[in-house]
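Throughout the first sequence, residue numbering follows the numbering used here, covering 25 to 238 in sequence.
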Amino acid sequence: MTDKRIEKVLEILTRTYGNNPWNWHTRQTPFQVLIGTVLSQRTRDEKTDEAAKALFARYSSPEMLAAAPVKEIARLIRSANYYNTKAQRIKEISKIILERHGGDTPDTISDLMGLPGVGRKTASCVLLYGFKKKALPVDTHVHRISNRIGLVTTQTAEQSEGELWKVIPEKYVIFYNELMVKHGQRVCKPISPQCPKCPIVQYCNYGIKREKLD
DNA sequence: AAAACGGGGGC
DNA sequence: GCCCCAGTTTT
């Protein structure tokens, strides 16, 4: 894909979906972005919001969560997937932040990934949406669509990130995650992508490739 | 690199 | 009943 085409694709997607981060802005602090992102793992938007809202209404800081019963945290975040595991990890994350980071949410990839249940994608989201740093979170949508439109040819999310840094224009890096997720949820779905209503169908040959396979 | 984890909702 | 989901961890 040429630089000009990439630019065009990103411009169209930005015009279509906007570049406002999903509900990360409702999480006021980097800590709440972190916990909210953990809740979002393998969990649909509405369920994530429901869980985050219930949790933060009762416990809003690492101090409160570090002292909260795991069972109670689990009850509040019941709508999120992996709620038992996440409840345990959220408490542990809070304790580590208090004991090892002086109560401040870490702002480096390595420190964030040192927290239980925080992988590269979640850590990147915290840098990007919590600290407004330049980061490139790669989730299933980003990985899938980047390959479909031919921006990269990679097997794993980590490989995708490495290649995407080389290919995405500077000014679009911080919006890329949001654009891919929205496009992935509404049009370029994992199964049965809705190519006929896709705003960038003319820049993508995935649908054509797929027909040939049928 | 692949499987396990984990559970409510959609079909 | 089977399959999926804004991933991470373990094999």
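C-beta atoms are modelled at their ideal positions from N, C-alpha and C, and glycine is treated no differently. Just so we're clear, the structure is a prediction, and the values are computed from it rather than from any experiment.
Do residue i and residue j have their C-beta atoms closer together than 8 Å?
i    : j    : result
S170 : L160 : no
K157 : L151 : yes
N201 : V176 : no
I117 : L139 : yes
P214 : R172 : no
A90  : L122 : yes
V94  : A111 : yes
H207 : Y41  : yes
T38  : L188 : no
Y227 : R29  : yes
I133 : K115 : no
E185 : V205 : no
R124 : G141 : no
For residue i, collect the residues of the same chain with a Cβ closer than 6 Å to its Cβ; drop the 5 residues on either side in sequence, then sort them by chain order.
i    : result
Q218 : V211
G174 : M25
I224 : V33 and I36
A78  : L100
I192 : Y200
Q209 : none
A76  : G60 and L63
C222 : V211
Which residue comes first and which comes last in the alpha helix (DSSP H) that contains residue i?
i    : result
S184 : A181 to V191
P86  : P86 to A91
T109 : Y107 to R124
N171 : T164 to R172
Q209 : V197 to R210
R39  : D27 to Y41
P54  : P54 to S64
V176 : Taken as a continuous stretch (DSSP letters only), V176 belongs to no alpha helix (DSSP H), as it is neither H nor E.
V94  : V94 to L100
R68  : R68 -> no alpha helix (DSSP H), and no H or E assigned at all.
A147 : R144 to C149
D135 : I133 to M137
Name the residue from the options whose alpha carbon lies nearest to the alpha carbon of residue i.
i    : options                 : result
K119 : P54, M88 and G143       : M88
W46  : T72, A181 and M137      : T72
N108 : H207, V62 and C222      : V62
T164 : M137, Q183 and G154     : Q183
I198 : A76, Q209, F155 and T67 : F155
S85  : S64, V142, D69 and G60  : G60
P54  : R234, L136 and Y230     : L136
R234 : S216, R68 and E74       : S216
A181 : E70, E31, G143 and P220 : G143
G43  : Q179, K195 and T178     : Note that residue 43 is Asn in the sequence shown here, rather than Gly. The residue with the shortest Cα to Cα distance from N43 is K195.
D27  : Q179, Q52 and K190      : K190
Between which residues of its own chain and residue i is the CB-CB distance below 7 Å, once the five residues before and five after are set aside?
i    : result
D238 : Note that D238 scores 46 on pLDDT, short of 50, meaning its location in the model is unreliable; the coordinates nonetheless yield the value given after this. Cβ within range, chain order: n/a, list empty.
H49  : Residue confidence for H49 is low, a pLDDT of 41 falling below 50, so the modelled location carries little weight and cannot support an answer.
Y230 : R172 and I173
Check whether the stretch 94 to 111 touches the stretch 122 to 130, counting contact only when three or more Cβ pairs, one atom from each stretch, lie closer than 8 Å.
Contact fails: fewer than three Cβ-Cβ distances are below 8 Å.
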